[in-house]
Every structure is written in C-alpha cells, then in structure tokens.
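Quick note: the sequence shown uses our numbering, first residue -12, plus one each step.
Encoded as structure tokens, the structure appears first; notes follow it.
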Amino acid sequence: MNTNNHDMFSPLTFKNGVELKNRLVMAPMTHYSSNPDGTVSDEEISYYARRSKDVGMVITATTYVTPNGKGFPNQFSAVEDNMVPSLSKLAKGIQDEGAKAILQIFHGGKMCPLSLVPDGDVVSASDIPANSEAVKPRPLKEAEIEEIIEAFGETTRRAIEAGYDGVEIHGANGYLIQQFFSPYSNRREDRFGGSLEKRMTFPLAVIDKVQSVVAEHADESFIVGYRFSPEEPETPGITMGETLKFVDVLAEKKLDYLHVSLMSFFSNARRGVEDLNKMRISYLLETIDNRVPLIGVGSIYTAEDAKKAFETGIPLLALGRELIIDPDWVEKVAEGRDDEIITEIHKEKQEELVVPDPLWKVIIHTPGWFPGV
Ligand SMILES: Cc1cc2nc3c(=O)[nH]c(=O)nc-3n(C[C@H](O)[C@H](O)[C@H](O)COP(=O)(O)O)c2cc1C
-12 MNTNNHDMFS PLTFKNGVEL KNRLVMAPMT HYSSNPDGTV SDEEISYYAR
38 RSKDVGMVIT ATTYVTPNGK GFPNQFSAVE DNMVPSLSKL AKGIQDEGAK
88 AILQIFHGGK MCPLSLVPDG DVVSASDIPA NSEAVKPRPL KEAEIEEIIE
138 AFGETTRRAI EAGYDGVEIH GANGYLIQQF FSPYSNRRED RFGGSLEKRM
188 TFPLAVIDKV QSVVAEHADE SFIVGYRFSP EEPETPGITM GETLKFVDVL
238 AEKKLDYLHV SLMSFFSNAR RGVEDLNKMR ISYLLETIDN RVPLIGVGSI
288 YTAEDAKKAF ETGIPLLALG RELIIDPDWV EKVAEGRDDE IITEIHKEKQ
338 EELVVPDPLW KVIIHTPGWF PGV
C-alpha cells in the first residue's frame, strides 16, 4: 500500500518554508492574447483571475527570455526591464485571488516560427528541423549559448522585481532546453553534446544561473521549479531510462519542485526501462524518493481521476484544460459537488468561461485537443 496518499486539500510546505494552501496547481497554458508590444493584456488578467481563487499555485503561460526565443504569436515578453510592470500586473492578478504566482520561462529554439524571430534566424542545439516542413535551425555558437543562459538569469531577476513567488524553468515540450537534452535534437560534439552527461550541461547551467540570481536578488521564499518531458517518440530520442538518470541529478539540485509534462497522468513508460506496464509517474516517484516534490498532470477531468492520481503518492497535481473547461473545478470538488464538474468545452460559453478570443479560436479550431471539439 502506498503510504504517501496525500489529501488534495491538505497544505504543502516547500523546503524553503513557503506553504501552498492545497495540492492543486493550474498548469502553464499559452494564451496567444498579449498586446502587440509584448505586454500582458487585460483579457489575460481576467482569464487568470477567474481561475486563481481555489488552486494553491498558478504557473503562468510560458514567456520568452530572448527575442529569438519567441515561440507563439501574441506571447507575452520578459526580455527587457520595461516589461516588469506588465509582468507585475499578471503576478498581482493571480495573487490577489489567493494563489502563488509562478512565471514559466523558456526559449522556443527550433520550435519558434520563422516569422516571429529577428531576421528569421531560428536557432537550436544542432541543425535538426522541428518537423519535415520546418526550416533547418542554425546551431548556436558557444558564446550565444552563454548569452541565453545569462538571459534566463535576467528574466528571473525581472520575475523577482515583478513580485512573483517563483519561476518555473520550462525544460519540456520540445523547446530549447529539451532540444539540448535530446539525443535527437542535439548532435553537438562540444561540451554541450555527446554523452548523456554532456547533454545535461545546458539545462543544469540554466538552473545554476537562475539559482544564483535568486540567491543574489530574492530571499529564500522565492520558488524555483523545473519542468521536463519524460520521453520523445524519435529514435534516437529521450527515453524513460535517460530521464530517470536526469531526474536523479535534478533531485539533488536544491530545486523547490519538479514538474513532469504529460498528456495522460496514468501513461506507462515507452522504452528504456524494464517494465513497460509501469506508469511513468511511478518510475519518477521511485527515483525521486521524496527528495523534492513532483507535480503530475494530464487528463485529470473528474474528481475520481484526481483521487486516483493522489493514490500514486504524487504530492502535487496540475490541471490545465480542465480549468479552461470548468474554472470552478476545484471549488466543486472541495464542496463535494463532484457530479457538477463540466468535462467538455461548451462552444457557446466563451464569455462565461472568461477566455480571451485568440485562445478561444485555437481551442475551437483544433479538433481532438479539447474534449467536446
Ligand atoms: C492551450 C494550452 C497551452 C499550453 N501551453 C503550455 C505552456 O505554455 N507551457 C507548458 O509547459 N505547457 C503548456 N501546455 C501543456 C499543459 O501545461 C499540460 O501539460 C497539458 O495540457 C496536459 O494537462 P491537462 O490534461 O490538464 O490539460 C499547454 C496546454 C494547453 C492545452
């Protein structure tokens, strides 16, 4: 029997002493709705406010750390100090409703659309395109890699100045940090590529930089988390076995939490470990062995799904699409109104759900992404 079966409404205290009022987190979700100058729009603030009352912590949509890291149209920016007031407005919008505000920070690497990066200069670890139709990215020079590491530090400083409770380093979903860890995307032969250990160099350098900026500019209550994707479909590609070795290193990095990116919480490992009938979450929890809290995520639509997820021993659970579909999901579970939870998008309820236009359009025009579409 699993002895770590947490009550989702019990508080969680991070090792830095910060307490979350419960174990439910809003997952980071890009909303494509910021102003043309890169500032956060009022519609985005309303969207977060509608979802920040009941969860313990909100992880924002990802923001980019350098101009050539912009991954989405109308993504909000954190590349310059003049963005601090905009970032601050977002932090306050979340915190005023009662949740901790975590800014997710990234560089899109080869996933950035050509039209969004200066001079169409799409960069990555190596020259492997994102897909068969994408451009060949330009491999970054070592000095440029150092500049990007520095930029992660600068964005962290801006997050501190803007009043966030923490940052999450986005090392998942195929973006630049993952491109460096991936044996598919990273074919380098310098200190940033080659062996598994060398492929960890860039992600670990980003973590070190972020932590050094936090030590210099914030007090110990500032939270630093790291998100990763456990496996890639390509061969070669990240396997569960490689991820467990990486997670073993991450668990010693004095991070406040780790966050696995999954579309299905209960999915099994694909390759690189002995038992392919065993859940990725179980492998991760075993390897982490309570050294750092792990956030799980993925298709937790019902209260029953969430209860089953906590039975694995997961300390924190993130909800993404579920909170777009039903912003009152957490309140309903807290009040035992499980059967009132809405699990499919209602196409005529945009206004009631407080979702900005561009995000709403993406949702209703992408079949299969959201239940009900
Ligand atoms: C509209 C949308 C935007 C997303 N944007 C991000 C993002 O900015 N950063 C990130 O790490 N994950 C992003 N994700 C992935 C989610 O954080 C989450 O891992 C995924 O949706 C599975 O969880 P769910 O089933 O609770 O939605 C996004 C997902 C959706 C649906």
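Ideal Cβ placement from N, Cα and C applies to all residues, glycine included.
Note that the structure is a prediction, hence the values are computed from the model and not measured.
query, result
"Proximity below 8 Å, CB of Gly140 to CB of Lys57", "no"
"Neighbourhood of Ile350 by C-beta distance below 6 Å, restricted to the same chain and skipping five residues each side", "Phe357"
"Leu306 CB to nearest heavy atom of ligand 1 below 7 Å", "yes"
"Ligand 1 heavy atom lying under 7 Å from the CB of Arg10", "no"
"Pairwise C-alpha distance: Pro72 and Ser28", "12 Å"
"Phe59 at chain B interface by Cβ criterion, 8 Å", "Chain labels in this structure do not include chain B; a single protein chain is all it has."
"Residue interval of the alpha helix (DSSP H) (run including Gln198)", "Thr188 to His204"
"Cβ-heavy atom distance, Met250 to ligand 1, below 7 Å", "yes"
"Inter-residue Cα distance where the pair is Phe233 and Val260", "14 Å"
"Entirely enclosed beta strand (DSSP E) segments - the segment 70 to 130, minimum 3 residues", "87 to 93"
"Exposed unless 16 or more other CB atoms sit within 10 angstroms - verdict on Ser(-3)", "exposed"
"Span separating the alpha-carbon of Ser216 from that of Asp325", "30 Å"
"Burial state of Val279, where buried means 16 or more other Cβ atoms lie within 10 Å", "buried"
"DSSP state of Arg178 mapped onto helix, strand, coil", "coil"
"Proximity of Ile46 and Ala14 at Cβ, strictly below 8 Å", "yes"
"Coil, strand or helix - Leu231 by DSSP", "helix"
"Other residues of its chain near Gly285: CB distance less than 6 Å, five sequence neighbours each side excluded", "Leu249, Met250, Ser251 and Phe252"
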